[in-house]
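With this note's numbering, you'll find the sequence shown wraps up at 822, consecutive numbering, no jumps. Think of the CB as a built atom: it goes at the ideal place given N, C-alpha and C, for glycine as much as any other residue. Keep in mind it's a predicted model, so treat the numbers as computed, not measured.
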Amino acid sequence: MIRELTARDGDLVLDADVCVIGSGAGGAVVAAEIAAAGHRVVVLEQGPHWTSSDFTQREDEMLPKLFEEGGMRQTADGSVLVLQGRNIGGSTVHNLCYAFRTPDPILALWREEHGLEELTPQAMEPSFARVERQLKIKQIHEAELNVLNRKIRDGARALGYSGFVTRHNREGCIGAGYCLLGCSYDAKQSMLVTYIPKADAAGAQIYACARASRIEASGGRAQRVLGQVIDRHGEEGASIEVRANTIVVSAGAVATPDLLLRSGIVPNPQLGANLHLHPSVLLAGFWEEPIHAYRGIPQSYYIDEFIDLEKNPHAGYVLMPISGFPGLSAVNLPGFGSDHFASMQRFAHMGGLLVLLHDRSQGHVAPGSDLARPELHYALRADDAALLAEGMVHCAKVLFAAGARQVVVPYLPEALLLERGDDLAILTRRGVELGKIALASTHPQSTCRMGDDPKHAVVDAFGECFDVSGLFVADMSVFPTSLGAPPQVTTAALADRTAHHILSRLS
Ligand SMILES: Cc1cc2nc3c(=O)[nH]c(=O)nc-3n(C[C@H](O)[C@H](O)[C@H](O)COP(=O)(O)OP(=O)(O)OC[C@H]3O[C@@H](n4cnc5c(N)ncnc54)[C@H](O)[C@@H]3O)c2cc1C
Ligand code: SF4
316 MIRELTARDG DLVLDADVCV IGSGAGGAVV AAEIAAAGHR VVVLEQGPHW TSSDFTQRED
376 EMLPKLFEEG GMRQTADGSV LVLQGRNIGG STVHNLCYAF RTPDPILALW REEHGLEELT
436 PQAMEPSFAR VERQLKIKQI HEAELNVLNR KIRDGARALG YSGFVTRHNR EGCIGAGYCL
496 LGCSYDAKQS MLVTYIPKAD AAGAQIYACA RASRIEASGG RAQRVLGQVI DRHGEEGASI
556 EVRANTIVVS AGAVATPDLL LRSGIVPNPQ LGANLHLHPS VLLAGFWEEP IHAYRGIPQS
616 YYIDEFIDLE KNPHAGYVLM PISGFPGLSA VNLPGFGSDH FASMQRFAHM GGLLVLLHDR
676 SQGHVAPGSD LARPELHYAL RADDAALLAE GMVHCAKVLF AAGARQVVVP YLPEALLLER
736 GDDLAILTRR GVELGKIALA STHPQSTCRM GDDPKHAVVD AFGECFDVSG LFVADMSVFP
796 TSLGAPPQVT TAALADRTAH HILSRLS
């Protein structure tokens with residue numbers, strides 16, 4: 316049963332074997348696996364239950380509906396935009412479908428430096444296999460590359476940079492290009508059309524517009540979740556209580572530590588710390604001819620020339636093609652009045668390439684004025700800033716090699732316009748400083764990290780809190796370090812592992 320609550324609904328008191336908070340890449344997997352084994356599962360999801368018929372392909376309508384804080388969530392100093400979903404299916408509903416397993420060197424790092432000895436590729440194999448089957452993950456064919464991704468591939472090849480066409484979780488994709496705003500064709504194999512229906516079919520009770528606001532424990536054991544209805548119009552409603560001895564928090568790497576900090580049941584100084592963001596900078600290229608970068612599969616090529624996790628699992632960066640929508644692009648393009656208008660008239664000629672950093676920099680999450688607005692603090696280390704600047708140089712090189720005539724670099728307050736032949740060393744000279752360039756994060760992580768020692772970690776190798784038995788975390792918060800790769804499959808596979816561990820206990 317999937318039920319979206321409204322402000323008119325009465326108080327809700329429920330008993331469950333397992334209560335899952337959040338329905339994204341972590342929560343949906345836990346709910347489906349445990350419900351499929353016959354246990355009583357209640358899912359509380361703060362966002363609404365939008366479906367493909369709600370996805371209008373209009374950014375002015377969809378961004379406020381699908382994203383936390385209407386797509387305006389930022390770090391406390393306003394320097395990094397942090398995008399996260401808030402709806403049944405979480406961020407998977409609007410993500411871009413790159414589907415990578417956890418890189419082996421990262422698993423090795425987690426084993427060696429965080430004591431997670433069981434996290435071998437062999438031990439993870441059943442979880443990866445189940446997730447890949449359910450999400451229908453497969454290789455993208457070269458013929459499916461859209462114009463932008465083809466141009467970026469050709470530019471990278473011309474420069475001799477290593478790159479490849481990725482795997483993805485799409486089935487029957489018609490290349491509409493609106494992934495970021497939700498797929499109107501149910502082709503994207505997000506949690507909304509995969510694990511959530513599986514959980515529903517298995518009898519899970521899934522509540523949308525149901526925000527968890529507090530978790531209570533008694534005698535060191537998880538006891539119940541308290542929450543409230545906040546309906547799709549933002550109106551507050553009745554109270555919710557779910558009594559369960561197993562509680563799985565899957566609210567994402569910002570809301571999960573916030574909720575646990577507010578609940579006051581996990582007295583571990585690591586809680587909310589170690590925030591990594593995979594910060595990214597997006598450079599826009601302008602081609603002479605229209606390239607309609609917004610048509611077709613938005614991201615299918617991936618440049619990995621500047622990351623070698625075997626040699627250095629701690630640092631590096633990747634380059635990813637990206638297209639914009641008119642509103643988002645207008646905000647980021649330089650100039651005013653007629654200059655800006657002229658740039659927007661060339662919207663069809665524009666395509667982007669972003670540099671995404673495998674960051675060593677860290678921040679933390681702290682409770683904000685209310686549950687909807689946690690505080691995020693993040694500082695960029697000098698070596699990471701230098702790597703991002705180096706990555707921008709390579710983005711510009713690839714864009715020019717791919718045929719772009721001009722490249723726009725999102726410095727603030729005024730973007731920098733580079734012409735073909737300009738000296739790109741200006742980017743390393745100006746560098747990257749928080750607040751002086753537009754930075755974004757779509758992968759906040761590591762705020763309740765996994766490990767074998769409570770001095771350095773919040774949860775154990777199966778996601779259970781050291782401080783409260785029966786309280787688990789299953790989302791991107793548990794990554795012990797920055798992942799250095801697209802995270803949805805790792806999140807889902809670790810959640811699958813947590814779910815099967817819980818099942819072994821329940822039975
Ligand atoms: C724009 C974008 C593009 C991306 N592209 C890719 C990609 O191509 N490949 C890839 O691998 N990854 C991608 N990702 C990242 C991927 O989607 C995430 O790694 C993954 O969804 C994280 O899963 P999660 O369970 O940690 O959190 P989420 O999927 O974000 O789910 C958390 C859920 O918890 C809910 N919640 C929060 N607080 C509460 C509360 N108090 N009570 C109840 N519910 C609550 C939220 O509403 C949300 O639905 C992208 C992300 C974004 C934003
Ligand atoms: S590109 Fe494919 S998956 Fe993305 S919105 Fe279009 S049809 Fe859906």
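Member of the options whose CA lies at the smallest distance from the CA of residue i
i	options	result
F370	V633, C498, D546	C498
G353	E625, G404, D515	D515
A553	C524, D623, Y616	C524
I452	A444, L431, E428	A444
D698	S676, A711, A681, L327	S676
A537	A753, I562, A716	I562
S578	A681, A340, E729, L668	A681
N627	D674, H664, F656	D674
H709	D738, A502, I817	D738
M377	A630, L495, I555	L495
V480	D469, K770, C488	D469
P363	P795, T321, E779, Y476	T321
E729	V446, N647, V344, Q437	N647
L634	S819, I489, G342, L702	L702
L798	P420, V462, E603	P420
S565	L329, V793, E319, A719	V793
L507	R812, I317, K712, F777	I317
E319	I336, R764, Y522	Y522
Q585	G535, R764, L327, N461	R764
G892	Y632, G342, V804	Coverage of the chain is limited to positions 316 through 822, which leaves residue 892 absent and any answer about it impossible.
I455	T417, I511, H409, I612	I612
G642	G631, M659, S653, H629	M659
6 Å Cβ shell around residue i - same chain, five flanking residues per side excluded
i	result
H758	H593, P802
R526	Q361, G542, Q543, I545
F715	R735
E690	A391, A681, G683
L450	N484, Q504, T509
N464	S615, Y616, P636
L329	V357, V557
D619	S477, V633
M791	A568, Q760, P802, T806
Residue i, enclosing alpha helix (DSSP H) - first and last residue
i	result
R744	740 to 745
V633	Counting along the chain, V633 falls outside any alpha helix (DSSP H), though it belongs to the beta strand (DSSP E) covering 631 to 637.
A657	652 to 660
L378	374 to 381
With 16 other Cβ atoms within 10 Å as the buried cut-off, status of residue i
i	result
G393	exposed
F382	buried
K380	buried
R373	exposed
L727	exposed
G750	exposed
Q437	exposed
H655	exposed
T640	Per the sequence shown, the amino acid found at residue 640 is Phe instead of Thr. Under this definition F640 is a buried residue.
P795	buried
S819	exposed
S761	buried
E432	exposed
Residue span of the beta strand (DSSP E) that contains residue i, given as start and end
i	result
H709	Careful: H709 lies outside any beta strand (DSSP E), inside the alpha helix (DSSP H) at 697 to 716.
T571	Unbroken run through T571 is the alpha helix (DSSP H), 567 to 578; no beta strand (DSSP E).
R539	536 to 545
E348	That residue, E348, is in no beta strand (DSSP E); its alpha helix (DSSP H) goes 342 to 351.
I521	520 to 523
E556	551 to 558
G666	665 to 673
Residues near residue i by beta carbon distance below 8 Å, same chain, minus five either side
i	result
G325	A553
M707	V596, L598, V670, V724, L742, V747
I580	I530, E531, A532, D782, V783, L786
R661	F601
Q721	G600, F601, L732, L733, E734, R735
Y500	S367, G487, C488, I489, A491
7 Å Cβ shell around residue i - same chain, five flanking residues per side excluded
i	result
S528	L541, G542, Q543, L686
A502	R485, E486, G487, C488, I489
Problem - Segments assigned beta strand (DSSP E), at least 3 residues, entirely inside the region 383 to 447 - result: 395 to 397
Handout entry: Secondary structure, beta strand (DSSP E): runs of 3+ residues fully inside the region 731 to 806
Key = 731 to 734, 754 to 756, 786 to 788
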